[in-house]
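A short worksheet on the structure shown next.
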Ligand SMILES: [Zn+2]
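Next up, the structure:
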């Protein structure tokens, strides 16, 4: 069986279950959420065969039927049991989430191993399955380049195919603000657009000139965001929105220069912006009023418990020179600018906490005394997760050494230009997200793993697909499966999956297996 990620336990048997013209689907209980989940299956069968399988509700199990039911499995809320034999298919799970993942496995089996003679014949097998980690995430940066609603939905489809459950949506950064905030139309009018530099390498883009037209970019309306959240929820994917602060916010200053320390003239960055010296002023109360108003709308839109507030790479040079920031340091008895950053993040965390939300931030938020209910994303690959866990934080592992899918995945001389780095499929597959320095109890603080697709050099959906596939399959394997690794077996399953991708016209890197 060629399922990705590989199930926790499975056995294959000779024989087939046949879908005949009279085959029915039995569902129990036939409530709305279960029916909505089962529809993912019936839609796929229809796509494959134009057969519309009738659905009946019945408490009692029946033969010659495809049975979907909620029952006790002892495999947790995301686990499932799947039994395919000559007489029936029985998929059981404790929740509709488990049913959904069972359906993903069943679809992979059907699409890859189906035989016709003349009916659809599904090979027999028994699977017991459950995930290793509760956080199985993928990030998409839509600031450096904007991706339309259709692609966001496709990205979510890819996540759910491989049993990822978190979509980290990097919505704001120096190169563009991408979420409609009704209170501040300037964000849509100014911060969402930049001067176009198409065809020019990211590092060579000239900054915007005064009075130059800004027509490159875009943003998601709140209506579109609601539609995407609903789409993701139907696929059991939680969306974590990220609103960057206090650094990586040049695009905000382009619309609101008064929120900066030196109050100059700012433009949305057209390309690389480094060092990223401009920053929100930590001494100006208007900054917090702005951020709180923005977060009010973000919180209202996104049902998730977690809001990502960025916090990475905040350059404090401006804070050093700013009277208001220095005054704040004195008044709040802070040690220095690093301490001021902690104070800033804590103020936002407290605000969100009053609204029942917790913050997630990049590892730099640990620099001060941040409360342990904040989740840390470890990205620099310098083992900050060990210190974070030992001080009581939960951690998501996304070290750039193994989880940055904007890095090269093969010999750079034959690849489209990338940011740098080298993270090939084998390296992702060999990643071990639990540091050996943590004991069993401590390792429970590692919530899971995440792949990050930063898009400085990636301006099309085809290129985005090329960068995530097949590396995302290796990450899915690590996120879901805790078994001994078997590279040869994984390679075989990837190659099989890529044949399906050819049929579906999904782009991918086709030379991930150099001659060994
Ligand atoms: Zn300042």
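In the numbering used here, the protein residues as written are 1291 to 1806. Note that beta-carbon positions come from the ideal geometry of N, C-alpha and C, so glycine has one too. On a predicted model such as this, the values are computed, not experimentally measured, just so you know.
Reference residue i; option with closest CA among the options
i            : options                : result
residue 1697 : 1743, 1663, 1736       : 1743
residue 1705 : 1798, 1615, 1544, 1657 : 1798
residue 1597 : 1726, 1774, 1366, 1667 : 1667
residue 1590 : 1436, 1512, 1623, 1631 : 1512
residue 1350 : 1323, 1380, 1340, 1610 : 1380
residue 1682 : 1702, 1711, 1472, 1735 : 1735
residue 1759 : 1448, 1401, 1600, 1441 : 1448
residue 1232 : 1654, 1450, 1641       : Residue 1232 is absent from the model: the chain starts at 1291 and stops at 1806.
residue 1522 : 1792, 1456, 1714       : 1456
residue 1710 : 1738, 1748, 1720, 1676 : 1748
residue 1536 : 1568, 1619, 1437       : 1568
residue 1687 : 1405, 1738, 1446       : 1738
residue 1454 : 1779, 1310, 1386, 1740 : 1740
residue 1791 : 1337, 1715, 1415, 1402 : 1402
residue 1478 : 1506, 1357, 1502, 1489 : 1506
residue 1554 : 1543, 1560, 1563       : 1543
residue 1472 : 1292, 1584, 1345, 1342 : 1584
residue 1637 : 1617, 1660, 1623, 1621 : 1660
residue 1644 : 1450, 1728, 1582       : 1582
residue 1841 : 1579, 1491, 1439, 1765 : Here the chain covers residues 1291 to 1806 and nothing more, so residue 1841 does not appear.
residue 1291 : 1412, 1338, 1362, 1366 : 1412
residue 1335 : 1311, 1646, 1319, 1352 : 1311
residue 1465 : 1459, 1484, 1676, 1422 : 1484
residue 1404 : 1649, 1518, 1308       : 1308
residue 1601 : 1607, 1691, 1658       : 1658
residue 1745 : 1434, 1623, 1550       : 1434
residue 1347 : 1371, 1321, 1762, 1729 : 1321
Three-way DSSP call (helix, strand, coil) for residue i in this model
i            : result
residue 1426 : strand
residue 1327 : helix
residue 1431 : strand
residue 1234 : With the chain running from 1291 to 1806 in the structure shown, residue 1234 is simply not present.
residue 1653 : helix
residue 1681 : coil
residue 1483 : strand
residue 1462 : strand
residue 1332 : helix
residue 1410 : strand
residue 1416 : strand
residue 1457 : strand
residue 1668 : strand
residue 1306 : strand
residue 1648 : strand
residue 1469 : strand
residue 1476 : helix
residue 1301 : strand
N- and C-terminal bounds of the alpha helix (DSSP H) containing residue i
i            : result
residue 1400 : 1386-1403
residue 1633 : 1627-1644
residue 1516 : 1512-1524
residue 1543 : 1540-1545
residue 1449 : 1439-1451
Closer than 7 angstroms: residue i CB and nearest ligand 2 heavy atom
i            : result
residue 1735 : Summarising the ligand content, the structure contains ligand 1 and does not contain ligand 2.
Delimiting residues of the beta strand (DSSP E) encompassing residue i
i            : result
residue 1742 : 1736-1743
residue 1691 : Counting along the chain, residue 1691 falls outside any beta strand (DSSP E), though it belongs to the alpha helix (DSSP H) covering 1690-1693.
residue 1379 : 1379-1383
residue 1533 : 1528-1535
residue 1316 : 1314-1318
residue 1357 : 1355-1360
residue 1347 : 1345-1347
Short CB-CB distance (under 8 angstroms) between residue i and chain D
i            : result
residue 1680 : In the structure shown, chain D does not exist; there is a single protein chain.
In chain order, what residues place their C-beta within less than 7 angstroms of a heavy atom belonging to ligand 1? Qualifying residues come out as 1551, 1571, 1572, 1573, 1574, 1608, 1609, 1612, 1614, 1615.
Residue ranges of each beta strand (DSSP E) within the stretch 1551-1637, 3 or longer: With a minimum length of 3 residues, the continuous beta strand (DSSP E) runs that stay inside the stretch 1551-1637 are 1596-1600.
Counting only runs that start and end within the stretch 1700-1788, where is the alpha helix (DSSP H) found for 4 or more residues in a row? List check, alpha helix (DSSP H) in window: 1715-1719, 1730-1733, 1751-1758, 1761-1770.
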